[in-house]
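Protein chains in written order, with my numbering: chain A, 8 to 94; chain B, 244 to 425. All residues carry an ideal CB built from backbone N, CA and C; glycine is no exception. Comments concern the structure below.
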Ligand SMILES: [Zn+2]
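This is the structure:
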């Protein structure tokens, strides 16, 4: 498996650290309902198909990446810099 | 106040010549980290202009009379070989003592790199002026193609001897293999 880092180019999977679902980018407000925090911390989908998750380019540019990939076909359709995504 | 003697992490390591490659310590002078602030690019460009440089594109470095600016991350670069002028628009910090720089040269250098770095660094794929952040085995490194057959490898100072050992071992293995063939 290779990921095309927007900065470094195509790199081997072993250069990256997998963190988890994109959900980690959507932290609830401090005063949000407990249900929102429960969802943020614990509840994850387990899709057969498109999924978006966070990877860290540990052995390269040290950027967090948002990867869109397909768990069925293993196709990777997008790799974006978390730092440059639209807020 | 006692007089302190500045020593590089590779003090006393003499150049090694094996398998058509030469391994030596590179003297790059001061190393300054330049980390651009959000919206700082314009102000930084002004300061860099005063020494004839511009901020490099990803995976590139620019050299002017022994002074280099080396891309090493998003909005981040190393300025080497010069005491930096006043630079606005970026966090500027002296990193000279934090890094060790190895020079790997000669026609065999690419083969040595191929044993340690999981990237295509052949001369045709990695032209002069390019730089990558890449692992040397499991060590984080910054690798530059500085000349026709010349590379420089920057590693954390704490990794200097390990890096030297890895390169030396790769050169020995290549030399041993070549000896078997003849
Ligand atoms: Zn990267």
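Heavy atom of ligand 1 within 7 Å of residue i beta-carbon
i: residue 70 of chain A; result: yes
i: residue 64 of chain A; result: yes
i: residue 14 of chain A; result: yes
i: residue 283 of chain B; result: no
i: residue 263 of chain B; result: no
i: residue 1 of chain A; result: Summary: the structure shown does not reach residue 1 of chain A, with chain A confined to residues 8 through 94, and so no result is reported for it.
Residue i, DSSP secondary structure in three states
i: residue 53 of chain A; result: coil
i: residue 60 of chain A; result: strand
i: residue 311 of chain B; result: strand
i: residue 36 of chain A; result: coil
i: residue 393 of chain B; result: strand
i: residue 72 of chain A; result: strand
i: residue 290 of chain B; result: helix
i: residue 383 of chain B; result: strand
i: residue 18 of chain A; result: strand
i: residue 304 of chain B; result: strand
i: residue 66 of chain A; result: coil
i: residue 89 of chain A; result: helix
i: residue 399 of chain B; result: strand
i: residue 323 of chain B; result: strand
i: residue 81 of chain A; result: coil
i: residue 438 of chain B; result: Residue 438 of chain B is absent from the model: chain B starts at 244 and stops at 425.
i: residue 404 of chain B; result: helix
i: residue 296 of chain B; result: coil
i: residue 330 of chain B; result: coil
Whole-angstrom C-beta distance between residue j and residue i, which should lie under 8 Å
i: residue 59 of chain A; j: residue 50 of chain A; result: Between residue 50 of chain A and residue 59 of chain A the Cβ distance is about 16 Å, and since that is not below 8 Å, they are no contact.
i: residue 86 of chain A; j: residue 13 of chain A; result: 6 Å
i: residue 325 of chain B; j: residue 294 of chain B; result: 6 Å
i: residue 318 of chain B; j: residue 275 of chain B; result: The pair is not a contact, with the Cβ atoms about 15 Å apart (cut-off 8 Å).
i: residue 397 of chain B; j: residue 385 of chain B; result: 4 Å
i: residue 34 of chain A; j: residue 25 of chain A; result: With a Cβ gap of about 19 Å, residue 34 of chain A and residue 25 of chain A do not count as contacting.
i: residue 388 of chain B; j: residue 343 of chain B; result: In fact, because the Cβ distance is near 19 Å, the residues do not count as touching under 8 Å.
i: residue 332 of chain B; j: residue 280 of chain B; result: 6 Å
i: residue 413 of chain B; j: residue 364 of chain B; result: At roughly 13 Å, the Cβ-Cβ gap does not stay under 8 Å, so residue 413 of chain B and residue 364 of chain B are not in contact.
i: residue 303 of chain B; j: residue 372 of chain B; result: 6 Å
i: residue 67 of chain A; j: residue 376 of chain B; result: 5 Å
i: residue 374 of chain B; j: residue 410 of chain B; result: The pair is not a contact, with the Cβ atoms about 18 Å apart (cut-off 8 Å).
Partners in chain D for residue i, counting only beta-carbon separations shorter than 7 Å
i: residue 67 of chain A; result: Considering every chain present, this structure includes no chain D. Its protein chains are A and B.
Every unbroken alpha helix (DSSP H) inside the region 335-377 of chain B [4 residues or more]: 352-359
4-residue-minimum alpha helix (DSSP H) runs that sit fully inside the region 245-293 of chain B, ordered along the chain: 284-292
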